[in-house]
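S.K.:
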Amino acid sequence: MNILIVDGNEKEPSDNYVQLGMDTQYDVYFKILKKLTNDSLNLTVIHPAINSDFIPQGVSLDDFEGVAWTGSLLNIYEATPPIIRQIELAKKLLNKKNSIFGSCWGLQVLVTAAGGKIRKNPNGLEAIIAKNINLNEAGVKHPMYYGKIKTFSSFCFHYDDTETLPENTTILASNENSKIQAISFTNENSKVWAVQYHPEFDPVWMSGLMSQREKLLLDEGIYNNQEEFDSYKNYFSNIEMFNDKKIPLNISDNLINQKMHTLELSNWLNFLKNQG
1 MNILIVDGNE
11 KEPSDNYVQL
21 GMDTQYDVYF
31 KILKKLTNDS
41 LNLTVIHPAI
51 NSDFIPQGVS
61 LDDFEGVAWT
71 GSLLNIYEAT
81 PPIIRQIELA
91 KKLLNKKNSI
101 FGSCWGLQVL
111 VTAAGGKIRK
121 NPNGLEAIIA
131 KNINLNEAGV
141 KHPMYYGKIK
151 TFSSFCFHYD
161 DTETLPENTT
171 ILASNENSKI
181 QAISFTNENS
191 KVWAVQYHPE
201 FDPVWMSGLM
211 SQREKLLLDE
221 GIYNNQEEFD
231 SYKNYFSNIE
241 MFNDKKIPLN
251 ISDNLINQKM
261 HTLELSNWLN
271 FLKNQG
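Under full-length UniProt numbering, the residue at position 151 of the sequence shown is numbered 151, and the numbers go up by one with no gaps.
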């Protein structure tokens, strides 16, 4: 299967991840997609937020059965050139025959390209853990959620959410912070599955993100104090070593178990395979 990974970030955020010993967001996606299937995947990564000439020579957007769109530090309503390039790319991809999976920023780009609107969430920052995401009736029946429990938590980090959906979009999941945590829609021959959270992230990567954004998380009140912050960060850095903290921190298996928290991506890969 040929899959295009669209890196949503500009160069500086990716460089910052690397300097901290973390994978970039596109590397996270690359590695988890490879890990989740025994099928042969041909993965191509592009960086439209960094370069205006971002399609490799000899590559066509028609080459890809699947497209995975990463997260980003960008805010889509700022409409800078790196953002506009991604919206225009999404419009082109939505007119191809493919299946697209978007995480967080990926959802926001796809919603915008299809005619919806993203806003700064009036409920504020949702960070590290998106709690009590609930599947509605459509979500329970949707192939993205085959095998998923009805209420779950997932890793996340976003200030923005969806204000207006594109036409013919189905909401699949919600929580207290964001009415729209997951959607699906079809545009011509393009099928879109998108989530406002990050099924691709794992506990160790989130621990690194917490280290990078410690002051912000404390200033925003995501954690009540330094001790609470440190407890979560340390736990995520090594869940085996700090297993005794799991129950006191109210950590669920569906958040930290790789098979469970990546199920949306596994189901997407299976969907791609069966569409072929």
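Glycine included, each C-beta is placed from N, C-alpha and C at the ideal position.
This one's a predicted model, so the numbers in the text were calculated from it and none came from an experiment.
When the Cα atoms are used, what is the spatial distance from D244 to V59?
M.R.: Taking the straight line joining both Cα atoms gives about 50 Å.
S.K.: At 3 residues or longer, what runs of the beta strand (DSSP E) sit wholly inside the segment 116-150?
M.R.: Those beta strand (DSSP E) runs which fall completely within the segment 116-150 and span 3+ residues are 117-120 and 126-135.
S.K.: DSSP on G102, reduced to helix/strand/coil?
M.R.: Looking at G102 - three-state DSSP - the assignment turns out to be strand.
S.K.: Any idea what DSSP makes of H158, helix, strand or coil?
M.R.: Reduced to three states, the DSSP call for H158 is strand.
S.K.: Taking C-beta to C-beta, are residue 278 and V195 nearer than 8 Å?
M.R.: The first residue shown for the chain is 1 and the last is 276, placing residue 278 beyond what the model contains.
S.K.: How would you write the range of the beta strand (DSSP E) that I180 sits in, first residue to last?
M.R.: Unbroken run through I180: none, as it is neither H nor E.
S.K.: Considering Cα atoms alone, identify which of V111, L73, L217 and T70 is closest to T186.
M.R.: Checked all of V111, L73, L217 and T70; the closest Cα to T186 is V111.
S.K.: Between the Cα of R213 and those of N16, N2 and K120, spot the shortest distance and give me the residue it belongs to.
M.R.: The residue with the shortest Cα to Cα distance from R213 is N16.
S.K.: For E264, which three-state DSSP category applies?
M.R.: Correct three-state label for E264: helix.
S.K.: On the DSSP bridge list, what partners appear for V46?
M.R.: Sequence inspection shows Ile at residue 46; the Val mentioned does not correspond to that position. The partner list for I46 (beta bridge, DSSP) reads V6.
S.K.: Taking the C-alpha atoms as reference points, what is the distance between D253 and Q57?
M.R.: D253 and Q57: Cα-Cα distance of roughly 44 Å.
S.K.: How far does the alpha helix (DSSP H) with I222 in it reach, from first residue to last?
M.R.: Segment: none, I222 is in no alpha helix (DSSP H) and carries neither H nor E.
S.K.: Hey, out of I32, I180, K233 and A49, whose CA is closest to L41's CA?
M.R.: It is I32.
S.K.: Where P82 and E10 are concerned, what is the direct C-alpha to C-alpha distance, given to the nearest angstrom?
M.R.: C-alpha separation (whole angstroms): 7 Å.
S.K.: Evaluate Q226 with the Cβ neighbour count: other Cβ atoms within 10 Å of its Cβ, from every protein chain shown; 16 or more gives buried, anything less gives exposed.
M.R.: Q226 should be labelled exposed.
S.K.: Measure the beta-carbon distance from D161 to N75 and round it to whole angstroms, keeping in mind my assumption that it falls under 8 Å.
M.R.: Incorrect: roughly 12 Å between the Cβ atoms, too far for contact.
S.K.: Within 10 Å of its beta-carbon, does T164 have 16 or more other beta-carbons around it, so buried, or fewer, so exposed?
M.R.: Exposed, since its Cβ has fewer than 16 Cβ neighbours within 10 Å.
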